[in-house]
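One structure is given below, encoded as structure tokens.
There are 2 protein chains.
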Amino acid sequence: MSASERKRAAITEAAIGEFVERGYAGASVDAIAARARVSKPTVYSHFGNKERLFLTVIGGYLRDGYTDLGPLADRIAEAPDPRAALIDFLGSWVEVVLREDVMTLRRLVIGEIDRFPQLGQVWAQVNATNDEALVRAFAALHKKGALDVPRPRQAVRQLTAMTVDAAQLIRTFRPAYEFDEGELEELVSSGVDVFLTAYARG
Amino acid sequence: MSASERKRAAITEAAIGEFVERGYAGASVDAIAARARVSKPTVYSHFGNKERLFLTVIGGYLRDGYTDLGPLADRIAEAPDPRAALIDFLGSWVEVVLREDVMTLRRLVIGEIDRFPQLGQVWAQVNATNDEALVRAFAALHKKGALDVPRPRQAVRQLTAMTVDAAQLIRTFRPAYEFDEGELEELVSSGVDVFLTAYARG
DNA sequence: GTCTATATCTCGATAGAC
DNA sequence: GTCTATCGAGATATAGAC
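In order, the protein sequences belong to chains C and Z. Residue numbering for the first sequence follows the UniProt record's numbering, starting at 1 and increasing by one per position. Residue numbering for the second sequence follows the UniProt record's numbering, starting at 1 and increasing by one per position.
This is the structure we're talking about:
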């Protein structure tokens with residue numbers, strides 16, 4: 001790796017840190033340069049201006065930081081106990097989206113969406129990947145006759161809305177909210193039960 | 001109304017406009033004062049500093065802008081067709097939360113939640129009011145024997161998650177997203193049907 | 001490509017007159 | 001209470017040397 005590439009990587013890392021901690025307007029190019037141990041003109045020569053720096057760095061971070069739960073989802077349809085497998089899968093998903101760095105990044109993107117609408121597209125696109133993994137699982141369960149899910153994509157949105165999104169929504173407005181012992185498990189399993197009851201075969 | 005009160009009101013309105021359009025860090029007290037046609041020291045004499053201005057003005061706006069759907073909810077339990085009444089109620093709720101000013105304010109609050117955690121509490125509190133109206137309706141339906149909803153508060157969160165929150169989530173990351181003809185109605189009614197199937201008596 | 005140094009501007013906040 | 005005028009700090013961005 002050339003010295004220039006190293007500096008670019010250092011700037012990227014420093015910029016993510018500053019943007020996440022202070023927001024777009026609150027982060028200064030000065031501070032980013034200092035944190036990356038380069039001079040300010042080096043930042044500008046690599047990224048042009050502050051807006052492009054933000055878009056490049058945060059957009060890349062969104063894509064790279066994505067946690068692919070596809071392999072876990074693909075086991076649901078073949079599991080001996082689909083309910084347990086579903087709860088397990090959604091539990092893992094909830095764990096990921098409640099991570100503090102994920103939540104902070106999420107709030108940053110939402111807050112800057114008017115200035116950077118492209119980031120909303122990236123976010124939606126990244127999230128769709130895990131949705132699709134579940135869609136495949138439900139299509140398989142439908143085919144096997146275990147469930148009656150004629151519109152798997154809609155069903156997936158309903159299930160994740162009651163579980164993953166509901167948990168994330170709480171922390172979106174209350175970052176310090178501490179879930180009680182068993183509260184998250186109860187939230188997930190009750191959502192799964194509503195879902196399975198509604199989409200039961202017969 | 002005294003001249004001082006008029007100026008305070010003008011500052012409040014101007015501050016909401018600037019904060020909503022530019023975010024906390026992006027809005028300047030200069031611009032707020034100019035928009036309110038007062039001098040900067042007048043702003044400071046009324047609100048102390050920028051942070052208190054933001055908290056006071058946005059907090060008040062959140063509380064005042066709240067749309068009380070309680071009366072509409074109280075009709076659900078007595079309606080001849082509870083399903084239709086529920087769909088009607090949630091459709092009105094969706095309409096409110098998708099309004100552009102509501103969405104923009106929501107993104108602003110989320111983006112600044114680390115700096116102003118109190119606003120998250122206000123938001124949660126305001127939203128709980130509409131939740132409680134639905135809780136009352138389900139408790140009544142449970143008592144009547146029309147539904148089997150032993151935990152109405154949990155059930156309300158599940159229903160709103162699939163309908164109101166799901167619609168709002170889409171627009172949160174994609175402000176310009178246009179719902180197709182009938183897409184919102186389908187989203188709401190399918191959510192209601194999942195809910196009613198899962199919580200049917202028997 | 002990368003640096004030092006700086007131009008230019010705007011910010012939040014306040015002193016002092018009225 | 002409200003104004004004009006201004007302070008000091010810190011912002012983005014760039015010129016010019018190497």
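Each residue gets a CB set at the ideal place from its N, CA and C atoms; glycine is no exception.
- Between the segment 78 to 86 of chain C and the segment 39 to 49 of chain C, the count of Cβ pairs shorter than 8 Å is below three; the stretches do not touch.
- Judged by beta-carbon spacing, residue 120 of chain C lies beyond the 9 Å limit of residue 22 of chain Z, meaning their Cβ atoms are not closer than that value.
- At a Cβ-Cβ threshold of 9 Å, residue 54 of chain Z and residue 116 of chain Z count as neighbours.
- In this structure, DSSP gives residue 69 of chain C a state outside helix and strand, which the three-state scheme calls coil.
- According to the DSSP assignment, residue 136 of chain C belongs to the alpha helix (DSSP H) that extends over 117 to 144.
- At least 9 Å separates the CB of residue 42 of chain C from every CB of chain Z.
- When secondary structure is reduced to three states using DSSP, residue 62 of chain Z falls in the helix class.
- Comparing alpha-carbon positions, the option among Z:160, Z:127, Z:88 lying closest to residue 62 of chain Z turns out to be Z:127.
- Residue pairing for residue 86 of chain Z: DSSP places it in no beta bridge.
- Just measuring C-alpha positions, the residue of Z:11, Z:164, Z:129 sitting nearest residue 56 of chain Z is Z:11.
- Cα atoms of residue 2 of chain C and residue 97 of chain Z: separation of roughly 51 Å, rounded to the nearest angstrom.
- When Cβ-Cβ separations below 9 Å define contact, residue 199 of chain Z makes contact with chain C.
- The DSSP-derived three-state label of residue 176 of chain C is coil.
- Counting along the chain, residue 147 of chain C sits inside no alpha helix (DSSP H), nor does DSSP assign it H or E at all.
- Under the three-state reduction of DSSP output, residue 79 of chain Z falls in the coil class, being neither helix nor strand.
- At least one C-beta of chain Z is nearer than 9 Å to the C-beta of residue 123 of chain C.
- Contact between residue 161 of chain C and residue 166 of chain Z holds, since their C-beta atoms are separated by about 5 Å, short of 8 Å.
- Under the three-pair Cβ rule at 8 Å, the segment 98 to 118 of chain C counts as touching the segment 93 to 113 of chain Z.
- Remark: C-beta atoms of residue 74 of chain Z and residue 136 of chain Z approach each other more closely than 9 Å.
- In this structure residue 190 of chain Z is in contact with residue 154 of chain C, their Cβ atoms being roughly 6 Å apart against a cut-off of 8 Å.
- Assignment of residue 27 of chain Z by DSSP, reduced to helix, strand and coil, places it in the coil class.
- Neighbours of residue 149 of chain C in chain Z, taken as residues at a C-beta separation under 9 Å, are lacking, since the least C-beta distance is about 11 Å.
- Beyond the five residues adjoining it in sequence on each side, residue 142 of chain Z comes within less than 6 Å, by CB distance, of 149 in the same chain, given in chain order.
- Chain-order list of chain C residues neighbouring residue 110 of chain Z: 106, 107, 110, 111, 172, 173, by C-beta distance under 9 Å.
- Counting the other CB atoms within 10 Å of its CB gives residue 130 of chain Z a total of 16 or more, which places it among the buried residues.
- What residue 169 of chain C touches in chain Z, judged by beta-carbon distance under 7 Å, is 165, going in chain order.
- By the Cβ-count criterion, residue 183 of chain Z is exposed, with fewer than 16 other Cβ atoms from all chains shown falling within 10 Å of its own Cβ.
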